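**Student:**
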Amino acid sequence: MFSESTRKPTRPTRPRYLPRHMRSPQNGNDAFLDTGAPELTRSRFYSPQPVQSTRGRGRGRGPWFTARRNPNWEDEKFDELEIVDDTLEEAYVTNNLQAYEDIPVQAYEDIPVQASGDNVPPPVKTFAEIDLGDGLKLNIRRCNYIKPTPIQRHAIPIAVAGRDLMACAQTGSGKTAAFCFPIISGVLKNTLLVARHGGGGGNAVACPLALILAPTRELSCQIYEEAKKFAYMTRVQIAVAYGGTSIYNQLRRLERGVDILVATPGRLVDMIERAKVSLKMIKYLALDEADRMLDMGFEPQIRRIVEQMDMPPPGTRQTMLFSATFPDEIQRFASDFLSDYVFLAVGRVGSSTDLIVQRVELVQEMDKRNHLLSLLRSQRSNGTPHSKVQLASSNLIGVLFCTMPSLDSYKHADKEILFNVLQHALTLVFVETKRRADELERWLSRNGFSAIAMHGDKVQMEREQALRSFKSGATPILVATDVASRGLDIPHVAHVINFDMPKNIVDYVHRIGRTGRAGKCGLATAFFSDKNFNLAKSLAEVMKESNQEAPTWLVQHAENYSASGGGGWVRRGGVDFGGYDLREDIASSSTYNDIYGVPAIDGHYDAVSVDAPTLLGSGDDDYLVASDMNHNAAAAPYGYGSIVASGWD
DNA sequence: AAAAAAT
0 MFSESTRKPT RPTRPRYLPR HMRSPQNGND AFLDTGAPEL TRSRFYSPQP
50 VQSTRGRGRG RGPWFTARRN PNWEDEKFDE LEIVDDTLEE AYVTNNLQAY
100 EDIPVQAYED IPVQASGDNV PPPVKTFAEI DLGDGLKLNI RRCNYIKPTP
150 IQRHAIPIAV AGRDLMACAQ TGSGKTAAFC FPIISGVLKN TLLVARHGGG
200 GGNAVACPLA LILAPTRELS CQIYEEAKKF AYMTRVQIAV AYGGTSIYNQ
250 LRRLERGVDI LVATPGRLVD MIERAKVSLK MIKYLALDEA DRMLDMGFEP
300 QIRRIVEQMD MPPPGTRQTM LFSATFPDEI QRFASDFLSD YVFLAVGRVG
350 SSTDLIVQRV ELVQEMDKRN HLLSLLRSQR SNGTPHSKVQ LASSNLIGVL
400 FCTMPSLDSY KHADKEILFN VLQHALTLVF VETKRRADEL ERWLSRNGFS
450 AIAMHGDKVQ MEREQALRSF KSGATPILVA TDVASRGLDI PHVAHVINFD
500 MPKNIVDYVH RIGRTGRAGK CGLATAFFSD KNFNLAKSLA EVMKESNQEA
550 PTWLVQHAEN YSASGGGGWV RRGGVDFGGY DLREDIASSS TYNDIYGVPA
600 IDGHYDAVSV DAPTLLGSGD DDYLVASDMN HNAAAAPYGY GSIVASGWD
């Protein structure tokens, strides 16, 4: 049993970043509540004058300078971006969200933790308990990671002990850091850094010590940015390789030496075949969204990289697989890559977090468009525009969604504010095909909603532009295929709409996991059509697992027809997300409950982390947030208030 | 029958 200390009363919080689209036009400067809180005077969070060019500070030295190095990033926020330093902690300011403290939120919940394997290293309660190295530790502090999340508490000691790991944890619970910290720490301790260039000379072959694979380009980008932040000012060199963009720049980067390579499979294979990369020095291999990487479409490529290139075999490298879901079948594939691994499941695997309010609506195919329009219209019209928008900290989105069923018990004024939040929040709409994404984008635009589509038929520039436009709020509706369903950490997504249900329930869990991240709440609406009844049972189960109220028609159908649903991910009466160690001969196994801090009213894991929203600047129009480097996929630290870490999964 | 991932 591991339990957290008692609930902290009221935490001081930093002022919140308010994205452009949530600011009141006439009142941009006051987007942060004036609460009589101490002024930020000394803190360099405040950039009183435009920050000087970072040129003198060393081009490419760290993630905090990333924005400047990439000419494509034109967001004005980055022009003012300045390094976060140790004055972080001084920036705490209280805000009046405490006024909402009386809104009932379940304080704690036991979360099940299953850890099995030989001699499983015990979890820690703080980052300080683990020897991660000074440089990394300082960066963790810089990033405001105050306390580890449950998956981090359990996975990091296991990984630092050098063990192979198969880890499952809910979407938005901080998986990226859970594998990045041990890898960076391990690379730092590695005395073999000399081996960066295998060949030497102009034809250098890059020999990274660590490889992190991800299923989409945007996700690998996000992990890259995140990892760079963690490795800031250490000697650890990180590079990224993905398709859809010039390979030459990526190769040039590799020639400068790389310790950790983040990649999508295709581009990596290309580079290996060109003899620009060798995997012979790999000590750490991490697969993010591991079940996805090992499913039908991907498995041959991954197997090729892991087994048929020059990667050291299991046992001589450390392999870590992470995902929110881990079906049995995939676990079996995965065990080929592992050696004496620890299986870890934190939380109810496959269930979404309770923080996502899930609604299911029965909609006929032909009615979907109009249904979506009226849904968006009511979202837009509920509330009074402008007046109180600046109150709309995204924390309140959480309040709204968490309390939606009992919203009537709140004062009208509060409701108004809350609806304002929803009105200005980002909405992510998932569709089945690339074509439908384009069609729906056009339809929404024609009908007065600013929407943009993202899918794999767009060129990479367009994909990234769409994502950027969505993140910034310039286009508050994103219509996407499953390219956006996994891992992407997009702050301020308040509403995920499954316009078309995914084929299997695993994808549903990942899709809705784009909201409700890092302790914030979110809303997920499913358009359930005649074609989806094969999903009824598994959907009803997921909702039940997540303490959601499923409509009776769904439950009834689920009971009457035990049609397996879930596209084959089914096990004895249950949905198979994994969550159970398949090995039968494991020496030891422990299952216990961990006490998990459920977000306090302002959306932070009360017991897990201290709020740290990280305001950087204020001025005419500069709202600088360390964490909001999410735009560039950098990140934010855990628990960090209204700003969500990127790479959370 | 579909998305993704190299050119």
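Residue 445 in numbering that gives the first Met the number 0 sits at position 446 of the first sequence, with consecutive numbering throughout.
For each residue, glycine too, the CB sits at the ideal point set by N, CA and C.
Predicted model, so just to flag it, every value in this text is computed and none were measured.
(1) Taking the alpha-carbon positions, what's the I222 to Y241 distance?
(2) Taking the CB atoms as reference points, tell me whether L375 and L427 lie closer together than 8 Å.
(3) Can you tell me which of R251, L522, Q555 and C520 puts its alpha carbon nearest to the alpha carbon of S537?
(4) My assumption, with CB atoms under 8 Å, is that G185 sits in contact with Y340. Please give the rounded CB distance.
(5) For V649, write down the residues that DSSP places opposite it in a beta bridge.
(6) Helix, strand or coil: which one does DSSP assign to E360?
(7) Out of curiosity, what's the CA-to-CA distance linking H491 and A203?
(8) If contact is defined by three or more beta carbon pairs under 8 Å, each pair taking one atom from either stretch, is the stretch 117-136 in contact with the stretch 269-287?
(9) Which of the three DSSP states, helix, strand or coil, is assigned to A450?
(10) Who are the near neighbours of Q307 in its chain, counting only those whose CB is closer than 6 Å to its CB and skipping five residues on each side?
(11) Taking only the alpha-carbon atoms, compute the straight-line gap between K457 and A465 and give it to the nearest angstrom.
(12) Tell me whether the beta-carbon of L337 lies closer than 8 Å to the beta-carbon of I157.
(13) Let me check one thing: in DSSP terms, what residues is V276 bridge-paired to?
(14) Could you please give the first and the last residue of the uninterrupted alpha helix (DSSP H) stretch that includes M460?
(15) Give every residue of the same chain whose Cβ lies closer than 6 Å to the Cβ of A549, excluding the five residues on either side of it in the sequence, and list them in chain order.
(16) Given a threshold of 16 other Cβ atoms within 10 Å of its Cβ, counted over all protein chains shown, does G314 qualify as buried or as exposed?
(17) Could you name the residues of the same chain whose beta carbon sits closer than 6 Å to that of A238, not counting the 5 residues immediately before and after it, in chain order?
(18) Take D353 and list the residues in its own chain whose beta-carbon comes closer than 7 Å to its own, dropping the five residues that flank it on each side.
(19) Beta-carbon separation of L218 and L487 under 8 Å?
(20) Since P326 contacts I301 with CB under 8 Å, what's their CB separation in whole angstroms?
(21) Measuring straight from C-alpha to C-alpha, what distance separates R347 and H509?
(22) Give the straight-line distance between the Cα atoms of E225 and Q151, rounded to the nearest whole angstrom.
(23) Please classify G171: is it buried, with 16 or more other beta-carbons within 10 angstroms of its beta-carbon, or exposed?
(24) Quick check on R273: buried or exposed, where buried means 16 or more other Cβ atoms within 10 Å of its Cβ?
(25) Tell me N248's beta-bridge partners as DSSP assigns them.
(26) Considering only the beta carbon of each residue, do I329 and D290 sit closer than 8 Å?
(27) Please tell me whether R485 and P214 are closer than 8 Å, where the distance is taken between their beta carbons.
(28) F526 bridges to which residues according to DSSP?
(29) Mind checking whether M310 and I355 have CB atoms under 8 Å apart?
(30) Please determine, among N531, G518 and T551, the residue with the shortest C-alpha to C-alpha distance to P149.
(31) Taking 8 Å as the cut-off, decide whether the C-beta atoms of F649 and L137 are in contact.
(32) Report, in whole angstroms, the separation of the C-beta atoms of V495 and G455, which I expect to be a contact under 8 Å.
(33) So, A177 versus F297, is the Cβ gap smaller than 8 Å?
(34) Contact check, L164 vs M319 under 8 Å by CB: the rounded distance?
(35) Is V268 near R303, with beta carbons less than 8 Å apart?
**Tutor:** Taking the structure as given:
(1) 12 Å
(2) no
(3) Q555
(4) In fact, because the Cβ distance is near 16 Å, the residues do not count as touching under 8 Å.
(5) Only positions 0 to 648 of the chain appear in this structure, which leaves residue 649 out of reach.
(6) strand
(7) 43 Å
(8) no
(9) strand
(10) none
(11) 10 Å
(12) no
(13) A205
(14) Q459 to S471
(15) A539 and M542
(16) exposed
(17) R252, L253, V257 and L260
(18) S545 and N546
(19) yes
(20) 16 Å between Cβ atoms; not a contact.
(21) 14 Å
(22) 15 Å
(23) buried
(24) exposed
(25) N248 pairs with nothing; no bridge assigned.
(26) yes
(27) yes
(28) E360
(29) no
(30) G518
(31) The displayed coordinates of the chain run from 0 to 648. Any statement about residue 649 would go beyond what the structure contains.
(32) Their Cβ separation, rounded to whole angstroms, is 19 Å, which puts V495 and G455 out of contact at 8 Å.
(33) no
(34) 5 Å
(35) yes
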